[in-house]
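>
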Amino acid sequence: MYVLGIVGSMRKAGNTNRLVAAVLAAAKETNPRIRTEVVHLADLDIGPCEACYDVCGEVPYRCVVEDDFPELLQTLNEADGLVLGSPLYYPVPSRLIAVTERLACLAYFHDMRRRTEPHLLEGKPCALVAVTGGSEPLEVLRYLFGFALSARMTPLTVKRYPYYGAGGKGDLDEDTDLQPFETAKVLGRLLAEAVAR
Ligand SMILES: Cc1cc2nc3c(=O)[nH]c(=O)nc-3n(C[C@H](O)[C@H](O)[C@H](O)COP(=O)(O)O)c2cc1C
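First residue of the sequence shown: 14, per the numbering used here; consecutive thereafter.
1) Hey, quick one: how far does the alpha helix (DSSP H) through Leu191 stretch, first residue to last?
2) Is Tyr102 near ligand 1, in the sense that its beta carbon is under 7 angstroms from a heavy atom of that ligand?
3) Within the same chain, show all residues whose beta-carbon is closer than 8 angstroms to that of Asp190, passing over the 5 residues directly before and after it, in chain order.
4) Taking Glu50 as part of the beta strand (DSSP E), name the residues at either end of that continuous run.
5) Among Val144, Cys118, Leu154, whose alpha-carbon lies nearest the alpha-carbon of Val78?
6) Where does Pro138 sit, in a helix, a strand or coil, going by DSSP?
7) List the whole-angstrom C-beta distance separating Leu54 from Arg108, where the pair is believed to meet the contact cut-off of C-beta under 8 angstroms.
8) Which residue marks the beginning of the alpha helix (DSSP H) containing Ala35, and which one marks its end?
9) For Pro193 and Asp58, what's the separation of their Cα atoms in angstroms?
10) Tell me whether Val208 sits in a helix, a strand or coil according to DSSP, three-state version.
11) Does the distance from the CB of Val72 to the CB of Leu17 come in under 8 angstroms?
12) Just grab the DSSP bridge partners of Val77 for me.
13) Go to Leu89, then tell me how far its beta strand (DSSP E) extends in each direction, as first and last residue.
14) Report the three-state DSSP secondary structure of Ser163 (helix, strand or coil).
15) Looking only at its own chain, which residues have a Cβ that is under 7 angstroms from the Cβ of Arg128, when we skip the five neighbours before and after it?
16) Give a yes or no on whether the C-beta atoms belonging to Pro100 and Thr145 are separated by under 8 angstroms.
17) Tell me whether the beta-carbon of Ala179 lies closer than 8 angstroms to the beta-carbon of Leu157.
18) Using the rule of at least 16 other Cβ atoms within 10 Å of the residue's Cβ for burial, across every protein chain shown, is Pro138 buried or exposed?
19) Buried or exposed for Leu162, going by 16 or more other Cβ atoms inside 10 Å?
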């Protein structure tokens, strides 16, 4: 079993990375057979959708833009589960927005043309993580939740605020309000159980 963490921040060793890593560690602790890996969007060249409306609708996942997106899509396809993390950049980093735009290739192929081939990300369990400088992370988590649903993934929820995933404000070690690392442990356990199903 393979769980992929995606760090949406442009800072590779920042708060998003710490919280994504905490969820992955908890998943692995729950089930040591889980292999984990992290992809930093900061390392990838991914541009916006050019809205040609044609190519990806005809040939599955083929895009006219030549950059790192096809490789990312392949890695997403191989993963049994995902941890998707983002900081608040009002709303999120533009490279993550570019990824959400480019994933529209799935919608163009499957939803608009009503194809019956299996959907690449259908039902993949997905844990969500958001950090901010001090604002509530709920807005970012809701954004990621909508993104996960639109890509037909299955976002996991927790029974404590902020419900849509793990969120942290400011210095994560000092965040006694949201207790991001406690929620990350819960999420990691849920993710490990979901990928084993
Ligand atoms: C462009 C940009 C916009 C940001 N906007 C906000 C904001 O509106 N509210 C807030 O609390 N923090 C904001 N932040 C701060 C980050 O969300 C915060 O520092 C976060 O912990 C960074 O995560 P990272 O360490 O993974 O990069 C912003 C940061 C950047 C770079």
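Glycine included, every Cβ here is placed at the ideal spot set by N, Cα and C.
In this structure, then:
1) Here residue 191 corresponds to residue number 178 of the sequence shown, with the count starting at 1. It is not in any alpha helix (DSSP H) - Leu191 carries neither H nor E in the DSSP assignment.
2) Along the sequence shown, one-based indexing puts residue 102 at 89. Yes, the beta carbon of Tyr102 sits closer than 7 angstroms to at least one heavy atom of ligand 1.
3) Looking up residue 190 in the sequence shown gives position 177. The answer, listed in chain order, is Lys182.
4) On the sequence shown, residue 50 is found 37 positions in, with the first residue counted as 1. Where Glu50 is concerned, the enclosing beta strand (DSSP E) stretches over 48-53.
5) On the sequence shown, position 65 is the one that residue 78 refers to. With distances taken between Cα atoms, Val78 lies closest to Cys118.
6) If you number the sequence shown from 1, residue 138 lands on position 125. In this structure, Pro138 counts as strand in the three-state DSSP scheme.
7) If you number the sequence shown from 1, residue 54 lands on position 41. If you number the sequence shown from 1, residue 108 lands on position 95. With 8 angstroms as the limit, Leu54 and Arg108 qualify as a contact, their Cβ atoms being about 5 angstroms apart.
8) Translated into positions along the sequence shown, residue 35 becomes position 22. Per DSSP, Ala35 belongs to the alpha helix (DSSP H) from 28-43.
9) For the purposes of this step, residue 193 is taken as the residue at position 180 of the sequence shown. For the purposes of this step, residue 58 is taken as the residue at position 45 of the sequence shown. For Pro193 and Asp58, the distance between alpha carbons rounds to 30 angstroms.
10) Here residue 208 corresponds to residue number 195 of the sequence shown, with the count starting at 1. Three-state DSSP puts Val208 in a helix.
11) By one-based count along the sequence shown, residue 72 stands at place 59. By one-based count along the sequence shown, residue 17 stands at place 4. Not a contact, by the Cβ cut-off of 8 angstroms.
12) One-based indexing of the sequence shown puts residue 77 at position 64. Under the DSSP definition of a beta bridge, Val77 lacks any partner.
13) Looking up residue 89 in the sequence shown gives position 76. Careful: Leu89 lies outside any beta strand (DSSP E), inside the alpha helix (DSSP H) at 82-91.
14) Start at 1 with the first residue of the sequence shown, and residue 163 comes out as number 150. Three-state DSSP puts Ser163 in a helix.
15) Working through the sequence shown from its first residue, we reach residue 128 at position 115. Correct list, in chain order: Phe122.
16) Position 87 of the sequence shown, counted from the first residue, corresponds to residue 100. Position 132 of the sequence shown, counted from the first residue, corresponds to residue 145. Yes, the Cβ-Cβ distance between Pro100 and Thr145 is below 8 angstroms.
17) In the sequence shown, residue 179 corresponds to position 166, counting from 1. In the sequence shown, residue 157 corresponds to position 144, counting from 1. No.
18) Position 125 of the sequence shown, counted from the first residue, corresponds to residue 138. Pro138 should be labelled buried.
19) Here residue 162 corresponds to residue number 149 of the sequence shown, with the count starting at 1. It counts as exposed.
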